[in-house]
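Report on the following structure.
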Amino acid sequence: MAVIEVEGLRKVYRRLRGGSTIALDGVDLSVPEGGVFGFLGPNGSGKTTTIRCLLGLVRASGGRTRLLGAAPRELRSVIGRVGSMVETPQFFPNFSGRRNLELLAGIDGIGRARIGETLDLVGLGSRARSPFRTYSLGMKQRLGLAAALVKQPEVLILDEPANGLDPAGIKEIRDLVRRLAAEGRTVFVSSHLLGEVQQMCDRVAILARGRLVTEGPVSEVLAHGRTSRLVVKVDPLDAALETLRSAELEATADGDRLLVQVPPDQGARVTEVLAAARLYVSELRPEEIDLETVFLELTEGEPAPEPAG
Amino acid sequence: MTTILTAEIRRALSRRLVRALVLVALVGIAAIAIGAWVTSDATSADAYSAADIWSGVDGGGDANTLGQTSALFLLMGLLGGASFLGAEYRAGTIGTLLTWEPRRFRVITAKLLAAGLVAAALYVVLQAVLGAALIGVASGAGTTDGLDADFYARLGGLLLRGGLLTAGCAVLGGSLAALGKNTTAALAILLGYLLVVENILRGLRPGWHDWFVLDNLFLVLVGRPEEGSDIQRTVLAAALLLTFYLAVIVGGSAFAFARRDVT
């Protein structure tokens, strides 16, 4: 069962002085139950707008969204099972973190003990009574996370949760998100920290300029962007390069190694050609590709949607 | 509805502005009571009396302290209500709240209701404290003449009508702040209309008296037509007209709140 369903989602922001901007241009997305789902995209690609549409904060211009089966008009029936944090969390600046949380939690009748536990969980226990305005960006993020977690939700929607956190804080969030997923919750997380997403997520979707460019398990998305190249270490490099080119294999030097343009399953042919020339490889492996490379490849060439008016 | 209303009332009572206004009001009450005590001479015609506390506008030369402070409380209600909603927009917390309670009509209703209830409660409590202090002055340093059942009935009526009007002012301020997404804009529009536009119209179109907000508001507050007043309405009709004005603005504000994108 999909906990988040998005079909043909469109959002056009109209300006008072005329003209408009297309923020989302027919996004389709399906987030299955359980696990961590990464939602990637460059700034302005429409990630936050998608999340706002899901949560009923922004009215879609077209298409439909469903969160735990509920359309935006029916959100009340499921909102108690959904914890969310959209962009940098906003709270009342003169109230303490705890007071802010108490006011929100009061709506769902959540008790003080649970609030205290949650503040401790996100590492804000010692500063819970300080005014929100005195918090650093990282602390504000932690309070936003606490507001999302205090409901003990089935589905967590987190928009850039690691924004403003130091490396230790980022790791804490990663561990927390993995732990929540291990408990059976579904975590939908947007981020631009690709390394984090690669470590944290089971599935990802990449959005560029209001359109979904790919979606699937992390391994599949990585494979999607994988260029068919083998990394070869051999000595001497120049002679090996000459030999491979003579055998009509496309190869280039890259530092102390060669990159050979063949599918990974044709490694035997590379070793055969080199061995025939008495050149013996010391390392042969498929080139590794990370999410950042795939992300950049997929998002760079996307045409921008035309202004609507 | 009860839970969100309770949360909103808690928030209203936690606000620094509300606490500051209450503190200012208490200091003012103390100053008024001390001033009345010091200037009252029980042996002369200047003795502080029930008529000085509250006798209605047509009391003729009396201090009518509670009537004058009522006007201040109405302004404070307006400011408090506008600030209560405006602060949400300034802090950007509306989005956070809607991820807990997505039914927007319910949210705006709870907010306006909380603003109105808190404003009305503070009006009644603070005016009652001031009234009690001044009754003490009349008893201790003035004259108890006029402190009869009729006086207490009129005082109760003032507290009731003033409380409702203060609530209405808070709701009006809150509605305009929600409409304009800004406290200052709400206050500027409202005070600009009441103090400038309505005054100009009063000069240009004297026949429109019956429809002016301030004329109707003072009629309701006083509880009876002022002697020589141009307004030709009953108190009930004035109250209904004000309710209608308020309903139009609240309705517009709620509609905008329900339709607007929260970004």
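Chains as they are written, first to last, in this note's numbering: chain A, 411 to 719; chain B, 1230 to 1492. Think of the CB as a built atom: it goes at the ideal place given N, C-alpha and C, for glycine as much as any other residue. Predicted, not measured: the structure shown is a model, and the values here were computed from it.
If we count Cβ pairs, one from each stretch, closer than 8 Å, do we get three or more for the segment 563-577 of chain A versus the segment 669-683 of chain A? Under the three-pair Cβ rule at 8 Å, the segment 563-577 of chain A does not count as touching the segment 669-683 of chain A.
For the alpha helix (DSSP H) holding A:Lys421, just list the boundary residues, first then last. Judged by DSSP secondary structure, A:Lys421 falls outside any alpha helix (DSSP H) and instead within the beta strand (DSSP E) spanning Ala412 to Arg424.
Using alpha carbons as the reference points, say which of B:Asp1444, B:Arg1239, B:Gly1371 and B:Phe1441 lies closest to B:Ala1280. Taking only the C-alpha atoms, the option nearest B:Ala1280 is B:Gly1371.
Mind checking whether B:Leu1394 and A:Gly466 have CB atoms under 8 Å apart? For the pair B:Leu1394 and A:Gly466, the CB atoms are not nearer than the 8 Å cut-off.
In chain order, what are the residue ranges of uninterrupted beta strand (DSSP E) at least 3 long that sit wholly in the segment 507-545 of chain A? Runs of the beta strand (DSSP E) inside the segment 507-545 of chain A: none found.
Going by C-alpha distance, which of B:Ala1483, B:Val1442 and B:Phe1486 is nearest B:Ala1467? Residue B:Val1442 holds the alpha-carbon nearest to the alpha-carbon of B:Ala1467 among B:Ala1483, B:Val1442 and B:Phe1486.
Any idea which residues DSSP pairs A:Leu659 with across the strands? None; A:Leu659 has no bridge partner.
Beta strand (DSSP E) containing A:Val672: first to last residue? Per DSSP, A:Val672 belongs to no beta strand (DSSP E) and is neither H nor E.
Are the beta-carbon atoms belonging to B:Thr1413 and B:Leu1363 less than 8 Å from one another? At least 8 Å separates the beta-carbon of B:Thr1413 from that of B:Leu1363.
Could you round the C-beta distance between B:Val1400 and B:Gly1345 to whole angstroms and report it? I think they count as a contact, below 8 Å. Indeed, because the Cβ distance is near 5 Å, the residues count as touching under 8 Å.
Closest by CA to B:Thr1472, which one among B:Gly1397, B:Ser1482, B:Gly1436 and B:Ala1259? Out of B:Gly1397, B:Ser1482, B:Gly1436 and B:Ala1259, the CA that lies nearest to the CA of B:Thr1472 is found in B:Gly1397.
How long is the line joining the alpha carbons of B:Gly1290 and B:Tyr1381, rounded to whole angstroms? At B:Gly1290, the pLDDT of 44 sits below 50, so the modelled position is not reliable; the number obtained from the coordinates is stated separately. Each residue's alpha carbon lies about 20 Å from the other.
Could you tell me which uninterrupted alpha helix (DSSP H) segments, each at least 4 residues in length, are contained entirely in the segment 617-656 of chain A, listed from first to last along the chain? Within the segment 617-656 of chain A, the alpha helix (DSSP H) runs of at least 4 residues that lie entirely inside it are, in chain order, 628-635 and 647-656.
Output yes if chain B places a C-beta closer than 8 Å to the C-beta of A:Ala370; else output no. The structure shown does not extend to residue 370 of chain A, since chain A is modelled only from 411 to 719, so the question has no answer here.
Among A:Asp664, A:Leu654 and A:Gln609, which one has its Cα closest to the Cα of A:Val672? Considering only alpha carbons, the answer is A:Leu654.
Starting from B:Leu1424, trace the beta strand (DSSP E) in both directions and tell me its first and last residue. Taken as a continuous stretch (DSSP letters only), B:Leu1424 belongs to no beta strand (DSSP E), as it is neither H nor E.
Based on the DSSP secondary-structure assignment, which residues constitute the bridge partners of A:Val488? As DSSP reads the structure, A:Val488 sits in no beta bridge.
Is there a C-beta anywhere in chain D that falls below 8 Å from the one on A:Arg486? Any reference to chain D falls outside this structure, whose protein chains are A and B.
Of all the residues that make up the segment 1396-1413 of chain B, which are near chain A by a beta-carbon distance shorter than 9 Å? Cβ proximity to chain A below 9 Å picks out nothing from the segment 1396-1413 of chain B.
Whose Cβ in chain A lies nearer than 7 Å to the Cβ of B:Ala1367? The contacting residues do not exist; B:Ala1367 stays about 41 Å from chain A at best.
Nearest to A:Leu669 by alpha carbon, out of A:Glu697, A:Pro646 and A:Ala687? Comparing Cα-Cα distances from A:Leu669 to each of A:Glu697, A:Pro646 and A:Ala687, the minimum goes to A:Glu697.
Just to confirm, are A:Leu622 and A:Val437 a CB contact at a threshold of 8 Å? Taking 8 Å as the Cβ cut-off, A:Leu622 and A:Val437 qualify as a contacting pair.
Going by Cα to Cα distance, which pick from A:Thr596, A:Gly448, A:Glu606 and A:Phe598 is closest to A:Asp585? Comparing Cα-Cα distances from A:Asp585 to each of A:Thr596, A:Gly448, A:Glu606 and A:Phe598, the minimum goes to A:Glu606.
Taking only three categories from DSSP, how would you classify A:Glu702? In the structure shown, A:Glu702 falls within a helical segment according to DSSP collapsed to helix, strand and coil.
Specify, as a first and last residue, the run of the beta strand (DSSP E) that A:Arg474 falls within. Secondary structure note for A:Arg474: its beta strand (DSSP E) is the uninterrupted segment Gly472 to Leu477.
Rank A:Leu419, A:Pro442 and A:Leu426 by C-alpha distance to the C-alpha of A:Arg595 and give the top, closest one. Checking every option, the nearest Cα to that of A:Arg595 belongs to A:Pro442.
Of the residues that make up the segment 1435-1447 of chain B, which ones have a beta carbon closer than 8 Å to any beta carbon in chain A? For the segment 1435-1447 of chain B, the beta-carbon criterion of a distance under 8 Å to any beta-carbon of chain A is satisfied by none of its residues.
Quick one: what's got a C-beta closer than 7 Å to B:Met1305's C-beta in the same chain, skipping five residues either side? Within its own chain, the residues whose Cβ lies closer than 7 Å to the Cβ of B:Met1305, once the five positions on either side in sequence are excluded, are Leu1250, listed in chain order.
Beta carbon proximity, B:Arg1248 to chain A, threshold 8 Å: False, the Cβ-Cβ gap to chain A never drops below 8 Å.
Does any C-beta atom of chain A lie closer than 8 Å to the C-beta of B:Ile1233? So yes, B:Ile1233 belongs to the interface.
B:Gly1310 vs B:Gly1402 beta-carbon contact at 8 Å: With contacts defined as CB atoms closer than 8 Å, B:Gly1310 and B:Gly1402 qualify as a contacting pair.
Which residue or residues does DSSP assign as beta-bridge partners of B:Val1256? Answer is none; B:Val1256 lacks a bridge partner.
How should B:Leu1420 be labelled, buried or exposed, when 16 other C-beta atoms within 10 angstroms of its C-beta is the threshold for buried? When all chains shown are included, B:Leu1420 counts as exposed.
Would you call B:Glu1260 buried or exposed, if buried means 16 or more other Cβ atoms sit within 10 Å of its Cβ? Residue identity differs from the one stated: residue 1260 of chain B is Ala in this sequence, not Glu. A residue is called buried once 16 or more other Cβ atoms fall within 10 Å of its Cβ, and B:Ala1260, having fewer, is exposed.
Best match in A:Pro541, A:Arg543, A:Leu547 and A:Leu531 for proximity to A:Ala558 [C-alpha to C-alpha]: It is A:Leu531 whose Cα lies nearest to the Cα of A:Ala558.
Cα separation between B:Leu1242 and B:Val1336? Approximately 18 Å between the Cα atoms of the pair.
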